[in-house]
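Novice: Quick one: structure below, then a few questions.
In mature numbering (1 follows the signal peptide of the UniProt record, and there is no 0), the protein residues as written are -26 to -1, 1 to 135.
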């Protein structure tokens, strides 16, 4: 997927989620926020094959509120996460295939497909591609990025242009 198409898809997803969550997007004075961003910070986590990467695109640092958060995540080949909950999570597959296991039921997501997790569901993310899988994840109610601030994660700031 080329960079321009990827950026268009991110913008569409952000606007759709903000609209669905009732976040007012028409008044630019409502929040102090970055109108364009390449992300704020990146987290790396170790797996058995190679590091996984979470690139935080939207959070309170650049959005001006905790209304919604978004990240691009790379799950490396053979990655198999642990079972965990989310209040509300939307996953859009960009590259590769994701085994999106919700409440023990496997759902194979391919590029262009969306997976959803809502409370009280439990989810496991598993890479189902030899090259790994890259996804765009939106947390419409925010509050997820703080969980990445963990000693097992390596955090780095992204340089703004």
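Every residue gets a Cβ at the ideal spot worked out from N, C-alpha and C, and that includes glycine.
So residue 128 is in the alpha helix (DSSP H); what residue range does that whole segment cover?
Specialist: The residue given as residue 128 occupies position 154 in the chain shown. Here residue 128 belongs to no alpha helix (DSSP H); instead the beta strand (DSSP E) covers 128 to 131.
Novice: What are the residues that DSSP puts in a beta bridge with residue 15?
Specialist: What you label residue 15 is simply residue 41 of the chain shown in a count that begins at 1. BP columns for residue 15 point to 30 and 131.
Novice: Whole angstroms is fine: what's the gap from residue 57's alpha carbon to residue 49's?
Specialist: In the chain shown, counting from the first residue as 1, residue 57 sits at position 83. In the chain shown, counting from the first residue as 1, residue 49 sits at position 75. Near 15 Å, if we compare the C-alpha coordinates of residue 49 and residue 57.
Novice: In terms of residues, what are the limits of the beta strand (DSSP E) holding residue 120?
Specialist: Here residue 120 refers to the residue found at position 146 of the chain shown. Premise fails: residue 120 is in no beta strand (DSSP E) and is neither H nor E.
Novice: For residue 117, which of 42, 7, 94 and 26 has the nearest alpha-carbon?
Specialist: Mapped onto the chain shown, residue 117 falls at position 143. The shortest C-alpha separation from residue 117 is found at 42.
Novice: Does the beta-carbon distance from residue 61 to residue 128 come in below 8 Å?
Specialist: Stepping through the chain shown from its first residue, residue 61 is reached at position 87. Stepping through the chain shown from its first residue, residue 128 is reached at position 154. It is not a contact, given that the beta carbons lie outside the stated cut-off.
Novice: Classify residue 59 as buried or exposed, calling it buried when 16 or more other Cβ atoms lie within 10 Å of its own Cβ.
Specialist: Translated into the one-based positions of the chain shown, residue 59 becomes position 85. Per the 10 Å Cβ criterion, exposed.
Novice: For residue 73, which option in 100, 35, 95 and 104 has the closest C-alpha, if you only look at C-alpha atoms?
Specialist: What you label residue 73 is simply residue 99 of the chain shown in a count that begins at 1. Measuring from the Cα of residue 73, the nearest candidate turns out to be 100.
Novice: Just the Cα atoms here: how many angstroms apart are residue 108 and residue 68?
Specialist: For the purposes of this step, residue 108 is identified with residue 134 of the chain shown, where counting begins at 1. For the purposes of this step, residue 68 is identified with residue 94 of the chain shown, where counting begins at 1. Those two C-alpha atoms are separated by around 6 Å.
Novice: Report the three-state DSSP secondary structure of residue 92 (helix, strand or coil).
Specialist: Sequence index remark: in the chain shown, residue 92 carries index 118 (1-based). Residue state, collapsed to three classes: strand.
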